[in-house]
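Residue numbers are given in our numbering: position 170 of the sequence shown equals residue 469, and the series is strictly consecutive.
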Amino acid sequence: MARPRRRTRTLDPSFTRILCISAHPDDNEFTSAGTNEHTRDHTGLVPLRERESWAAAKILGVKDLVFLGYEDGALEPTLTMRRDLTRVIRRARPDVVVCGDPTVRWYGSEYLNHPDHRAVASAALDAVFPSSETRAIFRELLDEGLEPHKVKQLLMSGSLQPDTWFDISDTLALKCAALRAHVSQVGKGEWIEKMLGAWARRDGKRAGVKYAEAYRRFVLDRG
Ligand SMILES: [Zn+2]
Numbered sequence: 300m301a302r303p304r305r306r307t308r309t310l311d312p313s314f315t316r317i318l319c320i321s322a323h324p325d326d327n328e329f330t331s332a333g334t335n336e337h338t339r340d341h342t343g344l345v346p347l348r349e350r351e352s353w354a355a356a357k358i359l360g361v362k363d364l365v366f367l368g369y370e371d372g373a374l375e376p377t378l379t380m381r382r383d384l385t386r387v388i389r390r391a392r393p394d395v396v397v398c399g400d401p402t403v404r405w406y407g408s409e410y411l412n413h414p415d416h417r418a419v420a421s422a423a424l425d426a427v428f429p430s431s432e433t434r435a436i437f438r439e440l441l442d443e444g445l446e447p448h449k450v451k452q453l454l455m456s457g458s459l460q461p462d463t464w465f466d467i468s469d470t471l472a473l474k475c476a477a478l479r480a481h482v483s484q485v486g487k488g489e490w491i492e493k494m495l496g497a498w499a500r501r502d503g504k505r506a507g508v509k510y511a512e513a514y515r516r517f518v519l520d521r522g
């Protein structure tokens, strides 16, 4: 069978700021798998997961992390959450926001999408548009010195209708190493390479490269 035409994309090099919004500390590394707390109770888990997130961020070259402190497992896309995310966006002023797809209720017949993922993705989309760019929404943020900001592009991971692929053949190992840093969630993580490799191969097949990540992309500002 003929190999599909290579159709991966690269980010516009003028984009210097990328903000990833997710429900759980390891979602960005995992992309679309849910997190189950293994054996620990919650005492000490929050600071531990924050430390693990910083370790993963260091591996990936991520410059900053913001933890909003919501309770794991009980997230709702509230106005308060939307305001909190709007504050983060106006502070970070990203060119690109990466988040999940709030419309996906399940994947295949073995995984029901975690409600936290849907809640945060939903609030994130509403924060990107219209809250971040509209002066009249959350006026109290103006008092904090946070002027409106227009996000140029939105990338939704875990979409069932992806239209944009990035070649991650050179960075898959780094992605696996970053996920491995979330020790409290992945244990020894012997399965990480196999699992992330299989996902990346699946997406790579559609993109005509060895390993890819798939997104649905929205161009909100062509300027
Ligand atoms: Zn998660």
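Using N, Cα and C, we set each Cβ at its ideal position, and we do this for glycine too.
- Distance between Ser321 and Ala480 (C-alpha atoms, nearest Å): 17 Å
- Message: I'd like to confirm the pairing. Which residues does DSSP put opposite Val518 in its beta bridges?
- Response: Gln452, per the DSSP bridge assignment.
Report task. Would you kindly check if the distance between the Cβ of Arg306 and the Cβ of Ala506 is under 8 Å? Result -> yes
Which one or two residues does DSSP pair with Leu254 in a beta bridge? The structure shown has nothing for residue 254, since the chain only spans 300 to 522.
ask   = If you draw a straight line from the alpha carbon of Leu318 to that of Ser408, how long is it in whole angstroms?
value = About 31 Å.
| At which residues does the beta strand (DSSP E) containing Val485 begin and terminate? | Per DSSP, Val485 belongs to no beta strand (DSSP E); it is in the alpha helix (DSSP H), 482-485.
- Task: With hydrogens ignored, establish whether the beta-carbon of His413 is closer than 7 Å to any heavy atom of ligand 1.
- Result: yes
If we ignore side chains and look at the alpha-carbon of each, how far apart do Gly444 and Glu492 end up? 44 Å
Exercise. In the DSSP assignment, what residue or residues form a beta bridge with Ile317?
Worked result: Per DSSP, Val395.
**Asked** What are the boundary residues of the beta strand (DSSP E) that includes Trp464?
**Response** 463-466
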